[in-house]
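Trainee: Take a look at the following structure, please.
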Amino acid sequence: MKKVSKRDSVIFIIILSLLLLPGMSALAQAKRYKAYDDYVDTYKSIALDHMKKHKIPASITLAQGLLESGAGKSSLARDANNHFGIKCHKDWTGGKVYKADDNPNDCFRVYGSAEDSYEDHAQFLKKQRYSSLFELKITDYRGWAKGLQQCGYATDKAYANKLIKVIEDYE
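This is the structure we're talking about:
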(Lines of atoms letter the chains of each structure in order from A; the text may use other names.)
(Lines give C-alpha, C1' and ligand atoms only; values in the text may rest on other atoms or scores of the structure.)
Protein backbone atom coordinates (compact mmCIF):
# COMPACT_ATOMS: atom_id res chain seq x y z
CA MET A 214 0.00 0.00 0.00
CA LYS A 215 1.37 3.38 -1.03
CA LYS A 216 1.80 5.90 1.76
CA VAL A 217 0.02 9.22 1.11
CA SER A 218 2.17 12.24 1.75
CA LYS A 219 1.02 15.08 3.97
CA ARG A 220 1.14 17.41 0.96
CA ASP A 221 -1.14 15.10 -1.06
CA SER A 222 -3.58 14.93 1.85
CA VAL A 223 -3.71 18.72 2.09
CA ILE A 224 -4.27 19.05 -1.66
CA PHE A 225 -7.03 16.42 -1.52
CA ILE A 226 -8.78 18.27 1.34
CA ILE A 227 -8.54 21.60 -0.47
CA ILE A 228 -9.94 20.15 -3.70
CA LEU A 229 -12.73 18.35 -1.83
CA SER A 230 -13.58 21.55 0.05
CA LEU A 231 -13.70 23.55 -3.16
CA LEU A 232 -16.06 20.98 -4.67
CA LEU A 233 -18.36 20.66 -1.65
CA LEU A 234 -18.47 24.20 -0.22
CA PRO A 235 -20.53 25.81 -2.99
CA GLY A 236 -23.21 23.17 -2.62
CA MET A 237 -23.23 23.40 1.17
CA SER A 238 -23.31 27.19 1.00
CA ALA A 239 -26.19 27.12 -1.48
CA LEU A 240 -28.08 24.72 0.76
CA ALA A 241 -27.58 26.97 3.79
CA GLN A 242 -28.65 30.03 1.80
CA ALA A 243 -31.69 28.24 0.42
CA LYS A 244 -33.05 27.82 3.96
CA ARG A 245 -32.28 31.42 4.84
CA TYR A 246 -33.69 32.77 1.59
CA LYS A 247 -36.83 30.68 1.96
CA ALA A 248 -37.82 32.29 5.26
CA TYR A 249 -36.92 35.77 4.03
CA ASP A 250 -38.55 35.24 0.64
CA ASP A 251 -41.73 33.98 2.31
CA TYR A 252 -41.79 37.04 4.54
CA VAL A 253 -41.25 39.41 1.62
CA ASP A 254 -43.95 37.65 -0.42
CA THR A 255 -46.38 37.95 2.48
CA TYR A 256 -45.81 41.64 3.25
CA LYS A 257 -44.50 43.24 0.05
CA SER A 258 -47.92 44.55 -1.01
CA ILE A 259 -48.33 46.35 2.33
CA ALA A 260 -44.80 47.79 2.07
CA LEU A 261 -45.43 48.98 -1.50
CA ASP A 262 -48.78 50.44 -0.49
CA HIS A 263 -47.09 52.30 2.40
CA MET A 264 -44.43 53.60 0.05
CA LYS A 265 -47.17 55.27 -2.02
CA LYS A 266 -49.31 56.33 0.93
CA HIS A 267 -46.68 57.30 3.53
CA LYS A 268 -43.56 57.96 1.37
CA ILE A 269 -41.50 55.34 3.24
CA PRO A 270 -39.29 53.17 1.00
CA ALA A 271 -40.74 49.66 0.72
CA SER A 272 -37.21 48.27 0.95
CA ILE A 273 -36.72 49.96 4.34
CA THR A 274 -40.09 48.79 5.64
CA LEU A 275 -39.41 45.18 4.61
CA ALA A 276 -35.79 45.21 5.83
CA GLN A 277 -36.88 46.55 9.22
CA GLY A 278 -39.67 43.98 9.40
CA LEU A 279 -37.28 41.18 8.48
CA LEU A 280 -34.64 42.22 11.01
CA GLU A 281 -36.92 43.20 13.86
CA SER A 282 -39.20 40.17 13.59
CA GLY A 283 -36.71 37.52 12.49
CA ALA A 284 -38.73 37.15 9.27
CA GLY A 285 -41.91 36.92 11.32
CA LYS A 286 -40.55 34.12 13.51
CA SER A 287 -39.77 36.08 16.70
CA SER A 288 -42.03 35.64 19.71
CA LEU A 289 -42.87 39.36 19.55
CA ALA A 290 -44.11 38.96 15.96
CA ARG A 291 -45.91 35.68 16.63
CA ASP A 292 -47.48 36.55 19.99
CA ALA A 293 -48.02 40.32 19.67
CA ASN A 294 -48.06 40.90 15.87
CA ASN A 295 -45.25 43.40 16.52
CA HIS A 296 -43.01 43.20 13.44
CA PHE A 297 -40.94 46.32 14.15
CA GLY A 298 -39.98 46.03 17.81
CA ILE A 299 -41.87 49.21 18.66
CA LYS A 300 -41.99 49.83 22.38
CA CYS A 301 -45.00 51.17 24.27
CA HIS A 302 -43.83 54.75 25.01
CA LYS A 303 -45.98 57.15 27.03
CA ASP A 304 -48.64 57.75 24.38
CA TRP A 305 -49.45 54.06 23.73
CA THR A 306 -52.92 53.04 24.92
CA GLY A 307 -53.18 49.64 23.24
CA GLY A 308 -52.19 46.16 24.38
CA LYS A 309 -48.82 45.58 25.99
CA VAL A 310 -46.39 42.72 26.39
CA TYR A 311 -43.20 42.72 28.46
CA LYS A 312 -39.97 41.21 27.18
CA ALA A 313 -36.26 41.60 27.78
CA ASP A 314 -34.54 43.98 25.36
CA ASP A 315 -32.45 46.97 26.45
CA ASN A 316 -33.87 46.32 29.93
CA PRO A 317 -35.08 43.06 31.47
CA ASN A 318 -38.77 44.03 31.34
CA ASP A 319 -39.31 46.39 28.38
CA CYS A 320 -42.87 47.15 27.29
CA PHE A 321 -43.75 46.42 23.65
CA ARG A 322 -46.89 47.23 21.70
CA VAL A 323 -49.40 44.49 20.91
CA TYR A 324 -51.36 44.65 17.64
CA GLY A 325 -54.49 42.90 16.44
CA SER A 326 -52.76 41.94 13.18
CA ALA A 327 -49.46 42.24 11.33
CA GLU A 328 -51.14 44.83 9.08
CA ASP A 329 -51.86 46.95 12.18
CA SER A 330 -48.17 46.69 13.08
CA TYR A 331 -47.19 47.89 9.61
CA GLU A 332 -49.60 50.84 9.81
CA ASP A 333 -48.35 51.83 13.26
CA HIS A 334 -44.76 51.59 12.02
CA ALA A 335 -45.60 54.08 9.25
CA GLN A 336 -47.27 56.43 11.75
CA PHE A 337 -44.36 56.01 14.16
CA LEU A 338 -41.90 57.14 11.47
CA LYS A 339 -44.01 60.25 10.83
CA LYS A 340 -43.07 61.61 14.26
CA GLN A 341 -40.93 64.75 14.37
CA ARG A 342 -37.93 62.67 15.43
CA TYR A 343 -37.78 61.08 11.96
CA SER A 344 -38.91 64.05 9.85
CA SER A 345 -35.47 64.51 8.24
CA LEU A 346 -35.85 61.11 6.57
CA PHE A 347 -38.72 62.37 4.43
CA GLU A 348 -36.39 64.93 2.83
CA LEU A 349 -34.45 62.02 1.28
CA LYS A 350 -35.35 60.47 -2.04
CA ILE A 351 -37.61 57.47 -1.71
CA THR A 352 -34.96 55.46 -3.59
CA ASP A 353 -32.21 56.38 -1.11
CA TYR A 354 -32.42 53.30 1.10
CA ARG A 355 -28.85 53.84 2.31
CA GLY A 356 -29.69 57.35 3.50
CA TRP A 357 -32.87 56.11 5.16
CA ALA A 358 -31.00 53.27 6.90
CA LYS A 359 -28.31 55.63 8.20
CA GLY A 360 -30.94 58.20 9.16
CA LEU A 361 -32.95 55.66 11.15
CA GLN A 362 -29.84 54.79 13.12
CA GLN A 363 -28.90 58.46 13.65
CA CYS A 364 -32.44 59.28 14.81
CA GLY A 365 -32.21 56.46 17.36
CA TYR A 366 -34.69 53.93 15.97
CA ALA A 367 -32.54 51.10 17.36
CA THR A 368 -29.76 50.93 19.92
CA ASP A 369 -27.68 48.57 17.75
CA LYS A 370 -24.70 50.55 16.46
CA ALA A 371 -24.63 48.38 13.31
CA TYR A 372 -28.36 48.83 12.59
CA ALA A 373 -27.91 50.85 9.38
CA ASN A 374 -25.37 48.41 7.98
CA LYS A 375 -27.67 45.48 8.78
CA LEU A 376 -30.59 47.13 6.98
CA ILE A 377 -28.43 47.91 3.95
CA LYS A 378 -27.06 44.36 3.85
CA VAL A 379 -30.55 42.84 4.01
CA ILE A 380 -31.77 45.14 1.23
CA GLU A 381 -28.80 44.38 -0.98
CA ASP A 382 -28.70 40.64 -0.24
CA TYR A 383 -32.41 40.09 -0.74
CA GLU A 384 -33.00 42.79 -3.36
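Take any residue in the sequence shown, note its place counting from 1, add 213, and you have its number in this note's numbering. Virtual Cβ for every residue (Gly too), placed ideally from N, Cα, C.
1. Classify Asp-353 as helix, strand or coil using the three-state DSSP reduction.
2. At which residues does the alpha helix (DSSP H) containing Arg-291 begin and terminate?
3. How would you write the range of the alpha helix (DSSP H) that Lys-375 sits in, first residue to last?
4. On the premise that Tyr-252 lies in contact with Gly-298, defined as a C-beta separation below 8 Å, what is that separation, rounded to the nearest angstrom?
5. How many angstroms separate the CA atom of Arg-355 from the CA atom of Asp-292?
6. Specify the secondary structure class of Phe-347 as computed by DSSP and reduced to three states.
7. Does the beta-carbon distance from Lys-312 to Asp-304 come in below 8 Å?
8. What are the start and end residues of the alpha helix (DSSP H) that includes Tyr-331?
9. State the beta-bridge partners of Val-310 as determined by DSSP.
10. First and last residue of the alpha helix (DSSP H) that includes Gln-341?
11. Report buried or exposed for Ser-282, applying the criterion of at least 16 other Cβ atoms within 10 angstroms of its Cβ.
12. By DSSP, does Lys-300 sit in helix, in strand, or in coil?
13. Assuming contact is defined by CB atoms lying nearer than 8 Å, are Leu-338 and Ile-380 in contact in what I supplied?
14. Less than 8 Å between the beta carbons of His-263 and Tyr-324, yes or no?
15. Helix, strand or coil for Thr-368, going by three-state DSSP, please let me know.
16. Using a threshold of 8 Å, state whether the C-beta atoms of Leu-289 and Tyr-249 are closer than that.
17. Smallest Cα separation from Leu-420: which of Lys-300, Lys-370, Ile-351?
18. Sorted by chain position, which residues of the same chain lie with C-beta nearer than 8 Å to Phe-321's C-beta, five sequence neighbours on each side aside?
Mentor: In terms of the structure at hand:
1. Stepping through the sequence shown from its first residue, residue 353 is reached at position 140. Assignment of Asp-353 by DSSP, reduced to helix, strand and coil, places it in the coil class.
2. For the purposes of this step, residue 291 is identified with residue 78 of the sequence shown, where counting begins at 1. From DSSP, the alpha helix (DSSP H) with Arg-291 extends over 288-293.
3. Taking the sequence shown and counting its residues from 1, the one referred to as residue 375 is at position 162. Segment 372-383, the alpha helix (DSSP H) holding Lys-375.
4. For this step, residue 298 is matched to residue 85 along the sequence shown. For this step, residue 252 is matched to residue 39 along the sequence shown. Gly-298 to Tyr-252, Cβ: 15 Å. No contact.
5. Within the sequence shown, the letter at position 142 stands for residue 355. Within the sequence shown, the letter at position 79 stands for residue 292. Cα to Cα, Arg-355 sits roughly 31 Å from Asp-292.
6. Your numbering for residue 347 matches position 134 in the sequence shown. Phe-347 falls in the helix class under three-state DSSP.
7. Along the sequence shown, read from residue 1 onward, the residue named residue 312 stands at position 99. Along the sequence shown, read from residue 1 onward, the residue named residue 304 stands at position 91. No. Outside cutoff.
8. Here residue 331 refers to the residue found at position 118 when the sequence shown is read from its first residue. 327-338 is the span of the alpha helix (DSSP H), which, as asked, contains Tyr-331.
9. Here residue 310 is taken as the residue at index 97 of the sequence shown, counted from 1. BP columns for Val-310 point to Phe-321.
10. Counting from one through the sequence shown, the residue named residue 341 turns up at place 128. That residue, Gln-341, is in no alpha helix (DSSP H); it is neither H nor E in DSSP.
11. Here residue 282 refers to the residue found at position 69 of the sequence shown. The C-beta of Ser-282 has 16 or more other C-beta atoms within 10 Å across all chains shown, which makes the residue buried.
12. Counting from one through the sequence shown, the residue named residue 300 turns up at place 87. Collapsing the DSSP output to three states places Lys-300 in a strand.
13. Translated into positions along the sequence shown, residue 338 becomes position 125. Translated into positions along the sequence shown, residue 380 becomes position 167. Not in contact: Leu-338 and Ile-380 (Cβ atoms no closer than 8 Å).
14. Position 50 of the sequence shown, counted from the start, is the residue given in the question as residue 263. Position 111 of the sequence shown, counted from the start, is the residue given in the question as residue 324. No, they are not a contact pair.
15. Counting from 1 along the sequence shown, the entry for residue 368 is found at position 155. Of the three classes helix, strand and coil, the one that applies to Thr-368 here is coil, per DSSP.
16. The count along the sequence shown starts at 1 and reaches residue 289 at position 76. The count along the sequence shown starts at 1 and reaches residue 249 at position 36. No, they are not a contact pair.
17. Outside the displayed range of the chain (214 to 384) lies residue 420, so it cannot be described from this structure.
18. Along the sequence shown, read from residue 1 onward, the residue named residue 321 stands at position 108. Closer than 8 Å at Cβ, skipping near neighbours: Leu-289, Ala-293, Asn-295, Gly-298, Ile-299, Lys-300, Cys-301, Lys-309, Val-310, Tyr-311, Lys-312, Asp-314.
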